[in-house]
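**Q**
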Amino acid sequence: MDRREFLVASSLGISGMAAGNCAETADSIGRDPSHGKARSTIFIYLTGGPSHIDLWDMKPAAPAEVRGSFQPVATAAPGIQVCEHLPHVAQQAHHLAFVRSLGQHGRGPNDHHAGRYYTMTGHPPGPTFPNTRRPLPEDWPFIGSVVTSKRPAHPTLPSLLWLPTKSGPDNVSNPGAFGGRLGVQHDPVYVLGQHSKPLEFRAPFLTLEGDVTVERLKNRYGLLKTLGSAEQAFEQSVSVQNYSQLQQKAFSLLSSQGAKNAFDVSQEPASLREKYGETVNGMGMLMTRRLVEAGVPFVTMHWLHNYDEDKKRGCLGGAWDTHWKSFSCLKDHLLPQFDRPFATLLQDLDERGLLDQTLVVVTSEMGRTPKIGDHRSGGAGSAEPGRDHWTHCQTALLAGGGIRGGQVYGSSDKIAAYPADKPVGPEHLAHTIYHAMGLDDMIAYDNQNRPFHMLEEGEPLTSLFGT
1 MDRREFLVAS
11 SLGISGMAAG
21 NCAETADSIG
31 RDPSHGKARS
41 TIFIYLTGGP
51 SHIDLWDMKP
61 AAPAEVRGSF
71 QPVATAAPGI
81 QVCEHLPHVA
91 QQAHHLAFVR
101 SLGQHGRGPN
111 DHHAGRYYTM
121 TGHPPGPTFP
131 NTRRPLPEDW
141 PFIGSVVTSK
151 RPAHPTLPSL
161 LWLPTKSGPD
171 NVSNPGAFGG
181 RLGVQHDPVY
191 VLGQHSKPLE
201 FRAPFLTLEG
211 DVTVERLKNR
221 YGLLKTLGSA
231 EQAFEQSVSV
241 QNYSQLQQKA
251 FSLLSSQGAK
261 NAFDVSQEPA
271 SLREKYGETV
281 NGMGMLMTRR
291 LVEAGVPFVT
301 MHWLHNYDED
311 KKRGCLGGAW
321 DTHWKSFSCL
331 KDHLLPQFDR
341 PFATLLQDLD
351 ERGLLDQTLV
361 VVTSEMGRTP
371 KIGDHRSGGA
381 GSAEPGRDHW
391 THCQTALLAG
401 GGIRGGQVYG
411 SSDKIAAYPA
421 DKPVGPEHLA
431 HTIYHAMGLD
441 DMIAYDNQNR
451 PFHMLEEGEP
461 LTSLFGT
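With this note's numbering, letter number 154 in the sequence shown gets 154, and the count goes up by one each step, no holes.
1) By the three-class DSSP mapping on this structure, what secondary structure does L461 have?
2) Does the Cβ of S167 have 16 or more other Cβ atoms within 10 Å, making it buried, or fewer, making it exposed?
3) Would you kindly work out how many angstroms separate the C-alpha atoms of S196 and D441, rounded to a whole number?
4) Leaving out five residues on either side along the sequence, give the residues of the same chain with a beta carbon under 8 Å from the beta carbon of R67.
5) Give the range of the alpha helix (DSSP H) segment to which T67 is assigned.
6) Rounded to the nearest angstrom, what separates H186 and A177 at their Cα positions?
7) Kindly provide the ranges of any beta strand (DSSP E) runs that are 3 or more residues long and lie completely inside the stretch 103-175, ordered along the chain.
8) Cutting at 6 Å between CB atoms, please list the residues of its own chain near T121, excluding the five before and the five after it.
9) My parser needs the beta strand (DSSP E) runs of 3 or more residues fully inside the stretch 336-424; what are they?
10) If you reduce the DSSP assignment to three classes, tell me which class V292 lands in.
11) On the CB-based measure, 16 or more other CB atoms within 10 Å of its CB, does E235 come out buried or exposed?
12) Look up A436 in the DSSP assignment and say whether it is helix, strand or coil.
13) So, is D321 buried or exposed, given that buried needs 16 or more other C-beta atoms within 10 angstroms?
14) If you measure between the beta carbons of M301 and I44, is that distance less than 8 Å?
15) Determine the burial state of K37: buried for a count of at least 16 other Cβ atoms within 10 Å of its Cβ, exposed for fewer.
16) Would you please state the rounded distance, in angstroms, between the beta carbons of G466 and S34? I believe it to be under 8 Å.
17) Sorry if obvious, but does the Cβ on H392 come closer than 7 Å to a heavy atom of the ligand ZN?
18) Per DSSP, what are the beta-bridge partners of T300 in this structure?
19) Given this structure, state the Cα-to-Cα distance separating L478 from H123, to the nearest angstrom.
20) For A97, write down the residues that DSSP places opposite it in a beta bridge.
21) Please classify P125 as buried or exposed, where buried requires at least 16 other C-beta atoms within 10 Å of its C-beta.
22) For A262, write down the residues that DSSP places opposite it in a beta bridge.
23) Determine the burial state of H453: buried for a count of at least 16 other Cβ atoms within 10 Å of its Cβ, exposed for fewer.
24) Do you know offhand how far T395's Cα is from R368's?
25) So is A444 buried or exposed if we call it buried at 16+ other beta carbons inside 10 Å?
26) In angstroms, rounded to a whole number, what distance separates the CA positions of C393 and G438?
27) Provide the residue span of the beta strand (DSSP E) that contains Q91, from first to last.
28) So, are the CB atoms of L429 and T363 less than 8 Å apart?
29) Go through its chain and collect everything with a Cβ distance to G282's Cβ below 6 Å, but skip five positions before and after it.
30) For H453, which beta-bridge partners are listed by DSSP?
31) What residue range does the alpha helix (DSSP H) around A270 cover?
32) So, using beta-carbon positions, are S40 and T358 closer together than 8 Å?
33) Taking C-beta to C-beta, are Q92 and L346 nearer than 8 Å?
34) Within 10 Å of its beta-carbon, does L86 have 16 or more other beta-carbons around it, so buried, or fewer, so exposed?
35) Looking at the structure shown, is T467 part of a helix, part of a strand, or coil, going by DSSP?
36) In whole angstroms, give me the CA-to-CA distance for P451 and R100.
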């Protein structure tokens, strides 16, 4: 574990200590009963931009060049249809709310980096946000960073976990995925997986370097405590007390077998692992359940695509970025890998009594163009056409955490090009997460101790909640 990992992993466990319990009961403070009902959030991010019109917001009456070859099917929620290649999700639709009027309204470039930043922070990126932009300290913080900065700390695990890959290609992270102006202590802690060994997840913050054993670590920590007790007057300073808390948290993480066990999906029954699907993304979904069951407040499951397999299949955009061979890549690869694991996650959470206290969100940086025929795939006349980027309209899914399942919020126009009713943006989705997680105080302080509001625009979609 390097210095940055130490700072992030240890401070995330204590960062919320002074914040108190933001999720007080609604009755005690006289507010909406749905406020603060969720103890945890699972934020599932389908990198690349899945085609909303082919998955969640199908238009069977649209012209052939728009509707595509997939057919809609009925779901367990009366009146709601989804793609025929999502049969397991269809069976769980009574848990889901479909927000079909989500769009970015021209507030950034029609590309990945800008869309990710807007989706992950709730702040519009502006018209000149380049696709090569790197994270900056003054960036707006990730939604999960905001949540965990205001929630009580988890006693043994980091409060903000991200798996099984970072948010960009080559295992690096894009803007919007960090603590930003909240500071490095509010960055997510990564748990990394790989396609070749889907049952094995690597948590760098739980790894001792070299020949250091847990026993040696305990001896070192005991020595530090002895030295520290001889300097009690010095330790009255806030900065030293904070550093001591960081040391204690890091020691607890590194020496805790319980912390390590939380990341061991092989402890789950083989029959359950099979239902999730023993792929890295399937096991990632299972991992999110284990972590919220352990009380972790915010877990991001960021879809890990397989560059080599995508190349073999001709799915050259990568993951859900289906510029080429859109329908075959979705039908034969992406949808089967998402359908059963996600449906199993909802069912698993529900059967364990966890769904009502866990908000589940599925989103991405964009949707896809209504008209089939991305120029990169040879246009509309191509034998294997795709769909291009489209930030103007997409669908987000929500479940649990007080969300009323089996409903649709808003609508798109006849070809799913633009929101037609109840248009909302990523800022509304962010506020909905904050509402479910019980956040009231949105004021934070930068490293110069200057106050700022973490998200002034937008409001929660409170009509999604209730029975």
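Note that CB positions come from ideal geometry on N, CA and C, so glycine has one too.
**A** So, to answer that:
1) The answer is coil: DSSP assigns L461 none of H, G, I, E or B.
2) Classification of S167: buried, given that the 10 Å Cβ count is 16 or more.
3) Taking the straight line joining both Cα atoms gives about 44 Å.
4) Result list for R67: I53, M58, K59, P60 and A61, in chain order.
5) In the sequence on display, residue 67 carries Arg and not Thr. Taken as a continuous stretch (DSSP letters only), the alpha helix (DSSP H) holding R67 covers A64 to R67.
6) In a straight line, the C-alpha of H186 is about 10 Å away from that of A177.
7) The qualifying runs are 160-163.
8) Taken in chain order, the residues that qualify are W140 and G176.
9) Unbroken beta strand (DSSP E) stretches of 3 residues or longer found wholly inside the stretch 336-424: 358-363, 394-399, 407-409 and 419-421, given in chain order.
10) Residue state, collapsed to three classes: helix.
11) Low confidence applies to E235: its pLDDT is 44, below 50, so where it sits in the model is not reliable enough to give any reading.
12) Reduced to three states, the DSSP call for A436 is helix.
13) Buried: at least 16 other Cβ atoms inside 10 Å.
14) Between M301 and I44, the gap from beta carbon to beta carbon is short of 8 Å.
15) Buried, because 16 or more other Cβ atoms sit within 10 Å of the Cβ of K37.
16) Yes, G466 and S34 are in contact; Cβ-Cβ is about 6 Å, under 8 Å.
17) By its list of ligands, the structure shown contains no ligand whatsoever, and the ligand ZN lies outside what it can speak to.
18) T300 pairs with F43 and W162.
19) Residue 478 is absent from the model: the chain starts at 1 and stops at 467.
20) Within the DSSP secondary-structure output, A97 pairs in a beta bridge with L398 and Q407.
21) Burial state of P125 is buried, judged by a 10 Å Cβ sphere holding 16 or more other Cβ atoms.
22) Answer by DSSP bridge pairing: none, since A262 is not bridged.
23) Flag for H453 reads exposed.
24) C-alpha separation (whole angstroms): 11 Å.
25) So A444 ends up on the buried side.
26) If I take the Cα positions, the gap works out to 28 Å.
27) Here Q91 belongs to no beta strand (DSSP E); instead the alpha helix (DSSP H) covers P87 to Q91.
28) Taking 8 Å as the cut-off, the Cβ atoms of L429 and T363 count as close.
29) Here the set comprises Y276 and P341.
30) I443, per the DSSP bridge assignment.
31) Here the alpha helix (DSSP H) through A270 covers A270 to Y276.
32) Contact check for S40 against T358 passes: the beta carbons are separated by less than 8 Å.
33) Q92 places its beta carbon less than 8 Å from that of L346.
34) Per the 10 Å Cβ criterion, buried.
35) DSSP places T467 outside both helix and strand once states are collapsed to three, so it counts as coil.
36) Using only the alpha carbons, I get a separation of about 35 Å.
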